[in-house]
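Heads up: the sequence lines are chains A and B, in that order. For the working numbering, count along the first sequence from 1 and bump the result up by 55. For the working numbering, count along the second sequence from 1 and bump the result up by 715. Where is the CB? At the ideal position from N, CA and C, for every residue including glycine. Note that the structure is predicted; figures quoted are calculated from it, not measured.
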Amino acid sequence: MLTHLPVLVVLAPLLAAPVAALMRGAFAPWVVATLVSWFSFVCSLLLLAQVSDQGVIVYSMGGWEAPWGIEYRIDFANALLLVLITGLASIVMPYARLSVRHEIGDERSPMFYAAMLLLVLGLCGMTATGDAFNIFVFLEISSLATYTLLAMGKDRRALTSSFSYLVMGTIGGTFYLIGVGFLYVMTGTLNIADLAERLPALSDSATVRTGFAFIVTGICLKLALFPLHLWLPNAYTFAPSAVTALLGATATKVAVYILVRMVFTVFGVEFSFVTIPLSDVLVPLAIVGLLSASSVSIMQPNVKRMLAYSSVAQISYIILGIGMGTAMGLTAALLHVFNHGVMKAALFMALGAVSYRMGGTDLKHMNGLARTMPLTFWAFVIGGLSLIGVPLTVGFVSKWHLILAAMELGWWPVVVVILVGSILAVIYIGRVVEAGFFKEPEDSTRREAPAGLLIPLWILVIANIWLGIDTRLTVDIAEAAAAQLMAGGVVR
Amino acid sequence: MTISDLMFPPAFIMILGALLVPLVRSSIRPIVLVAIPALTLLMIWNLDDGVLLTARFLGYEIELVEASNVRRLFATIFASMCMIGGLFAFKHAKVAELSAAMAYAAGAVGVSFAGDLITLFLFWEFMALFSTVVVWCGGTEAARRAGIRYGVMHLIGGIILKIGIEGVAVETGSIQIAAMQLESFASWMILVGILINAAAPPVSAWLSDAYPEASPTGSVFLSAFTTKTAVLALWLLFPGQSVLIWIGLYMIFYGIIFALMENDMRRILAYSIVNQVGFMVVGVGIGTELALNGVAAHAFAHIIYKALLLMSAGAVMVQTGKRKCTDLGGLYRTMPVTAVCGIIGALAISAFPYTSGFISKSMISQGAAYGEMAFVWYCLVAASAGVFLHAGIKFPWFVFFQKDSGMRPKDPSWNMQAAMIIFAAACVIIGVFPHLLYRFLPFAVDYVPYTADHLVSQLQLLLFAGLAFFVTLPLMKRTMTISLDVDFFYRKLAPKLWRGFERLLVKLADLARVLILDPARHLPAWWMRFHGPEGPLARTWPTGSMLLWVSIILVVLLVGARIL
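Next comes the structure, spelled out in structure tokens:
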């Protein structure tokens, strides 16, 4: 069974999704979704262990060798991503039970869990596959699931936000597909390993460059690079809490992974950063996005929307790391992909708990939270500290590496920008903490969120601290992954 | 028995204790508050010298525990401070404050044993976090605001320190804590980051701003840790950097002048912390073995007597609810224990013979004398007189004697009295038997404090300073107004020169305002108009606008490739 791990991660949610959809009531589909997430998580952990033991794993689907069949190819980068996706799914699914009953209702629960499983399936598939067209297929699966989930929000604006993301997301997907088409025309293959082998000889070709431009633009839309982030704030704000937690932590991260895979593996560092001035496009956009989105966060009256803008800012940090085009920068970016997932999911889950008890996520709902919901409040505080980058949280680890990478290049203004970003984060998180700590609640009776929400939330909060102290897992793997990616091409 | 193979750093005991404090019943809490630091002390004193515990963090091999004489000395006083402070505080302080204070002390102990810059930074930030909570536990609106200002200042200090550490890591590849030269930008950043915590100019004001706003018990804890860990960091990283002498001298006189003008008794003591830390910074700047010994001894002695002074001030506050010198007075009759302990603390800070201050501070000024720094020596001696004026006489005189304020408060509860008596006894014992402290100093001591010459000169100095105080008492009394600084200080010192200078400053400030500040003030508003909830960058844009951006980026990528 161990040799089939790469496909099991993807297959389990694929098979479980229709089962969940056909079930009745809320409980049974929830059990299925939770168990399947846990199963996938275990598979991902085993995969990661296998990769660090044996190196890159190649799995040919159905026994068909690569040029004819589809192959799955797992190295450090996507093994780490798989752990992130399935790990967060394993925490969000248990959390979803109460949250979904409250926000969506039992009637539509089977559909909800089926869509969640399809989302996990799509994200895992994009990550695991070694085929450029297969990525598109899974991208569409995850996107369709996302549109469904977004539309389930109880606010009626959820529908319009879902529709507008549908339009924008489709444009992104189409751009990616057009780009892949260009590459197929030039190389005659869709397999990533083969593409990486054949493209260097064609780097003068205008078609390849056009393909590159289409692919990067399309993916940047999916990963919400400023100013292509316009779909994100509404989508996150109006979606159900559990959806926001999973989506905010993983969906854009997988798009980042695809960008990294395309830029570093398929096209290679040489082509992406020398032939095409990718740094000159990504770095300025990341800097502006970082400052602008953080500033928007400061003034937002709705905390969920504030965190949505903060996600745009945090993605800018990741893009900044990628835009540096060095091993150190890439390490920082991969670290932040993982770490931001862990912290943002914790924050969104804490907000979900607030919304469960207080009926909303406006700043006024936070008043006096330290007294009315102390455990939820402190979870939010720790998540916030992590977002700011306080030592002994995961946020510190990735910011440390990002600053190190900028210093290595001598980019002092960028160092300043990163620090200004941290200070802006202090302000927007500080606003919420101040409201929770010092303001008087309307009704000061203690009504902590139920254990069903608190336990998953605190597992994630502890992960924020644990992974901030024990950096062996994240830092060492991110460094190894960056080294593999920087070597360019495909490690055979 | 000594421990050479550690499982965990000593600070972890106290972190665990900090978690335990809110969980145990209130009847057991005092036992926890005393036992945990005692356990920590036991561990501290059983540590071998050298690197004892390493871990892998951020791709570096960090040294969580590295013991040496000076580190052990600082850790000892930090843990003892936590213990006696806990004893003093447990009846009055909020549980959150007790817990945060123990975590804060744990950070200080952690910094003491940090073997590399990253570990230092981790515990450094830990301290910043929990000290902010201690300030907040003052519970008033003023404490909330002061806490925010305090937190922001330490956040900025932490960022500067972090940049410096990362810069050094990139430049040299080493994160070891060892004496370094100020030759690169990064090492300057480290120095600045540490100096911010030492309340050095130009940011000395954070200390006197925040500490007096904490609760009566909170300021006792605050007085001990932040500035003294900064002194230790300077001691380890920048011994003998002459720039520190001038920074220290500035701090010494800044503290004296502002303390003389102040009316709030805890603010007087806060300014005098800046002043005393100034002595230590000067000592590090001198950098000879004698001076460095003096710094270690003075930090040790200072934590005890400053905590003692703040305890007596806190006791007065708890019993009377008043904090201004003008509202207090004549309390010695009804609060004899507090008064006596306060006076012992005041004598110690003034370096009165047979108190701890006498045997520690003189080592630093002797260091200046042996180092042939005559000007520094004169300044230090003059400053000693100044210390006696503001802390040695002014504080006890206005609080316990002077006029009768009409209040008849009792001495505080037994635990507060016990804590004060322990620290007062420590001040005297160290003063009478200096070798008790000297044998633990980092370098061998052949310095003898009790010579006839030293005794006589110090007594003379104190006598004349005391005389000056009572002669100028009418001036001193006007401390309820701020005009004191103009009357007493500036006008007598070359008034015309000063006014000319002032006018120049005003002109320059005007110019700066017109050219820089006025446009700059509108900048945030302008920036925020774009980013506010209704601003263009926060609005929900039509789907089509995104298409525009998509095509722009596509074109840039396509055309950019063509141009190159």
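So is residue i buried or exposed if we call it buried at 16+ other beta carbons inside 10 Å?
i	result
Gly450/A	buried
Thr887/B	exposed
Thr855/B	exposed
Ala169/A	buried
Pro1068/B	buried
Gly1215/B	exposed
Ser957/B	exposed
Thr305/A	buried
Gln355/A	buried
Leu734/B	exposed
Trp1112/B	buried
Gly765/B	exposed
Tyr1331/B	Residue 1331/B lies beyond the stretch modelled for chain B, which goes from 716 to 1279, so this question has no answer here.
Is the shortest distance between the beta-carbon of residue i and the beta-carbons of chain B less than 8 Å?
i	result
Ile458/A	yes
Tyr496/A	Residue identity differs from the one stated: residue 496/A is Pro in this sequence, not Tyr. Chain B contact via Cβ: absent.
Asn289/A	yes
Pro122/A	no
Leu424/A	no
Met379/A	no
Ile233/A	no
Trp455/A	yes
Phe493/A	yes
Leu283/A	yes
Are the C-beta atoms of residue i and some chain A residue less than 8 Å apart?
i	result
Arg859/B	yes
Arg771/B	yes
His1237/B	no
Phe828/B	no
His869/B	no
Leu832/B	no
Trp921/B	no
Thr1255/B	yes
Ile874/B	yes
Phe836/B	yes
Less than 6 Å between C-beta atoms, sequence neighbours within five positions excluded: which residues of the same chain meet that for residue i?
i	result
Pro149/A	Thr89, Pro511
Phe1103/B	Ser1065, Leu1177, Ala1180
Leu528/A	none
Leu204/A	Ala170, Val298
Ala308/A	Residue 308/A is actually Lys in this sequence, not Ala. Correct list, in chain order: Val392, Gly396.
Ala945/B	Ile909, Asn912, Ala913
Residues of chain D with a CB under 9 Å from the CB of residue i: which are they?
i	result
Trp286/A	The structure shown contains no chain D; its protein chains are A and B.
Which residues in the same chain as residue i place their Cβ atom closer than 7 Å to its Cβ, once the five residues preceding and following it in sequence are excluded?
i	result
Val91/A	Ala67, Pro68, Ala71, Leu172
Ser410/A	Ser296, Thr416
Gly117/A	Gly124
Listing by chain order, which chain A residues have their CB less than 8 Å from the CB of residue i?
i	result
Ile909/B	In chain order: nothing, as chain A lies at least about 16 Å away.
Gly1275/B	Ile331, Pro332, Asp335, Val336
His1246/B	Ser347, Ser350, Val351, Ile353, Met354
Gly774/B	Thr526, Val530, Asp531, Glu534
Using a C-beta to C-beta distance shorter than 7 Å, which residues of chain A count as neighbours of residue i?
i	result
His1150/B	By Cβ distance, chain A contributes nothing, its closest Cβ being about 40 Å from His1150/B, past 7 Å.
CB-CB under 8 Å to residue i, same chain, minus the five flanking residues each way: which ones, in chain order?
i	result
Tyr865/B	Ser846, Thr847, Val850, Trp921, Asp924, Ala925
Lys1118/B	Gly1044, Gly1045
Going along chain B, which residues have a C-beta under 8 Å from residue i?
i	result
Ala268/A	Leu1269, Leu1272, Leu1273, Ala1276
Ile342/A	Result: empty, since nearest Cβ-Cβ is about 15 Å, beyond 8 Å.
Interface residues of chain B around residue i at Cβ under 9 Å?
i	result
Cys275/A	Val1265, Ile1268
What in chain A is Cβ-close to residue i, meaning under 9 Å?
i	result
Val885/B	Leu459, Met462, Glu463
Glu928/B	None at all; the shortest Cβ gap to chain A is about 14 Å.
For residue i, return the contacting residues in chain B, with the cut-off set at a CB-CB distance below 7 Å.
i	result
Ser219/A	Thr1258
Thr272/A	Val1265, Ile1268, Leu1269, Leu1272
**Item:** Near-chain A residues of the region 1111-1125 of chain B (beta-carbon distance less than 9 Å), N- to C-terminal order
**Value:** Going along the region 1111-1125 of chain B in chain order, one finds no residue with a Cβ nearer than 9 Å to chain A.
**Prompt:** Using a beta-carbon distance cut-off of less than 7 Å, what residues from the region 428-452 of chain A approach chain B?
**Reply:** Against chain B - using a Cβ distance shorter than 7 Å - the residues of the region 428-452 of chain A are Val445, Pro446, Leu447, Val452.
**Asked** the region 503-528 of chain A: which residues have C-beta closer than 9 Å to a C-beta of chain B, in chain order?
**Response** The residues in question are Ile524, Asp525, Thr526, Arg527.
**Prompt:** When Cβ atoms are compared, which residues of the region 466-484 of chain A fall closer than 8 Å to chain B?
**Reply:** Answer set for the region 466-484 of chain A: Val470, Leu474, Ser477, Ile478, Val481.
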